[in-house]
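In what follows, a single structure is set out as structure tokens and then discussed.
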Amino acid sequence: SKKPVRVAVTGAAGQIGYALLFRIASGEMLGKDQPVILQLLEIPDEKAQNALKGVIMELEDCAFPLLAGIEAHSDPLQAFKDTDYALLVGARPRGPGMERADLLAANAQIFTAQGKALNAVASRNVKVLVVGNPANTNAYIAMKSAPDLPAKNFTAMLRLDHNRAASQLAAKGGFKVGDIRKLTVWGNHSPTMYADYRFATVDGKSVKEAINDQTWNKDVFLPTVGKRGAAIIAARGLSSAASAANAAIDHMRDWALGSAGEWVTMGVPSNGEYGIPAGIIFGFPVTTENGEYKIVEGLEIDAFSQECIDKTLAELQGEQDGVKHLL
Ligand code: NAX
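Note that our numbering numbers the sequence shown so that position 225 is 225, with each residue one more than the last.
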């Protein structure tokens with residue numbers, strides 16, 4: 001049987017953590033033959049550490065055959081020790097009266113510390129997924145704080161936006177969601193993201209031609225996907241958690257086990273593709289194989305798409321400029 005791998009999860013006692021850990025432990029992320037050791041991080045606060053203890057009791061009570069160990073930590077230098085995968089979910093939420101700059105600064109502090117800790121103690125091949133918002137910028141900060149690790153190992157979660165887009169398209173076109181291929185989401189995980197179905201197909205047929213409605217694309221589809229997080233908060237009184245955890249599972253599973261030639265969306269550092277300045281963590285279409293992702297290149301960018309991409313890029317550059325002095 002396979003040797004266990006180490007999976008670190010931060011914010012482990014939070015809502016997403018509660019929807020995520022049980023699926024990792026049951027083998028849905030890394031395969032039904034891959035034992036895992038969970039290395040869980042929460043803030044030192046007594047309430048958070050107690051909540052984490054409760055989650056661990058429940059994990060134990062599932063008697064997952066693949067769960068080879070569970071550790072609870074309050075120090076990233078311990079939580080990230082030798083870790084092969086790191087899911088950075090915990091982040092500072094926007095509090096009442098908090099300005100955007102304050103939010104960026106609070107998170108810059110968290111992700112600088114966590115990037116440094118990964119740099120110091122994680123496996124040299126660690127695969128990092130940042131879920132905590134602002135996800136792209138937090139991933140950028142962690143990457144910049146970990147100069148001894150390959151930059152390509154730092155990614156941000158755009159997969160929830162991708163899955164939301166797939167679901168909206170399936171409903172509009174009467175497709176089965178699982179039949180949609182070649183969909184992607186460009187840019188920042190924020191309402192400015194650009195969900196792009198120009199290349200998408202179902203059974204080899206163009207989704208764009210089947211829908212054939214640019215007004216719907218612009219006035220319904222993009223705002224619906226972009227504001228889906230807010231719609232869920234309005235309806236549920238809490239932000240998306242199970243769907244976010246599901247997207248994290250999808251992202252890591254495809255990265256680790258391959259996408260079999262299919263496109264998936266990941267936020268990854270640009271190497272200059274599509275005119276996105278190198279180093280910016282941007283949502284791109286990628287294919288994955290043997291534990292590596294590759295950005296799909298050579299796609300035509302029409303005027304409308306360029307406008308959308310420029311807008312989400314400008315927002316990301318603004319976020320990045322807002323934290324530069326802290327790095
Ligand atoms: P919760 O507030 O339920 O849980 C977050 C947990 O993180 C808390 O238990 C907190 O104590 C812990 N935490 C905070 N700072 C930490 C640190 N420095 N080290 C370790 N743990 C820390 O939030 P939840 O609903 O689970 O959401 C987590 C994050 O995901 C938020 O930043 C949220 O904005 C973000 N999201 C990102 C999404 C994406 O698509 N990229 C979608 C869903 C979600 O909104």
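For every residue, glycine included, the Cβ atom is placed at its ideal position computed from N, Cα and C.
Among residues of its own chain, excluding the 5 on either side of residue i, which ones have a beta-carbon nearer than 7 Å to its beta-carbon?
i: residue 64; result: 25 and 26
i: residue 230; result: none
i: residue 314; result: none
Taking 8 Å as the threshold (C-beta atoms), are residue j and residue i in contact?
i: residue 130; j: residue 16; result: no
i: residue 8; j: residue 39; result: yes
i: residue 104; j: residue 273; result: no
i: residue 67; j: residue 34; result: no
i: residue 195; j: residue 185; result: yes
i: residue 6; j: residue 43; result: no
i: residue 192; j: residue 311; result: yes
i: residue 202; j: residue 180; result: yes
i: residue 316; j: residue 243; result: no
i: residue 121; j: residue 81; result: yes
i: residue 113; j: residue 322; result: no
Can you list, in chain order, the residues of its chain whose CB lies under 6 Å from that of residue i, leaving out five sequence neighbours each side?
i: residue 143; result: 151 and 154
i: residue 269; result: 151, 279 and 281
i: residue 241; result: 15, 16 and 19
i: residue 107; result: 91, 92 and 138
i: residue 135; result: 156, 157 and 189
i: residue 163; result: 247
i: residue 111; result: 138, 141 and 142
i: residue 245; result: 16, 19 and 20
Closest to residue i by C-alpha separation, out of the options, would be which residue?
i: residue 327; options: 126, 109 and 29; result: 109
i: residue 126; options: 256, 237, 285 and 201; result: 256
i: residue 216; options: 201, 205 and 197; result: 197
i: residue 137; options: 148, 158 and 165; result: 158
i: residue 175; options: 270, 211 and 145; result: 211
i: residue 165; options: 12, 226 and 116; result: 226
i: residue 300; options: 285, 33 and 133; result: 285
i: residue 253; options: 234, 279 and 291; result: 291
i: residue 51; options: 315, 243, 162 and 72; result: 72
i: residue 188; options: 139, 246, 4 and 49; result: 139
i: residue 49; options: 295, 11, 264 and 102; result: 11
i: residue 228; options: 209, 168, 269 and 303; result: 168
i: residue 79; options: 132, 100, 123 and 54; result: 123
i: residue 277; options: 258, 309, 3 and 260; result: 309
i: residue 307; options: 275, 114 and 245; result: 275
i: residue 3; options: 101, 84, 102 and 113; result: 84
i: residue 251; options: 222, 321 and 293; result: 293
i: residue 259; options: 236, 98 and 289; result: 289
i: residue 117; options: 32, 97 and 141; result: 141
i: residue 221; options: 172, 266, 77 and 97; result: 172
i: residue 75; options: 266, 267, 45 and 223; result: 45
i: residue 87; options: 271, 132, 219 and 302; result: 132
i: residue 304; options: 115, 223 and 214; result: 214
i: residue 31; options: 237, 1 and 53; result: 1
Ordered along the chain, which non-local residues of its own chain (more than five positions away) have a Cβ less than 8 Å from that of residue i?
i: residue 119; result: 145, 146, 147, 148 and 149
i: residue 56; result: 40, 70 and 72
i: residue 296; result: 184, 263, 284, 285, 286 and 287
i: residue 249; result: 20, 23, 24, 28 and 29
i: residue 200; result: 169, 180, 181, 182, 183, 206, 207 and 208
i: residue 239; result: 15, 229, 232 and 233
i: residue 265; result: 158, 159, 161, 162, 183, 184, 185, 283, 284, 285 and 286
i: residue 302; result: 198
key: beta strand (DSSP E) runs wholly inside the stretch 225 to 281, at least 3 long, in chain order   = 264 to 269
request  = Identify every run of the alpha helix (DSSP H) within the stretch 127 to 184, keeping only runs that are complete inside it and at least 4 residues long; order them along the chain.
outcome  = 135 to 144 and 159 to 173
Alpha helix (DSSP H) runs wholly inside the stretch 12 to 75, at least 4 long, in chain order = Complete alpha helix (DSSP H) runs here, min 4: 15 to 25 and 46 to 61.
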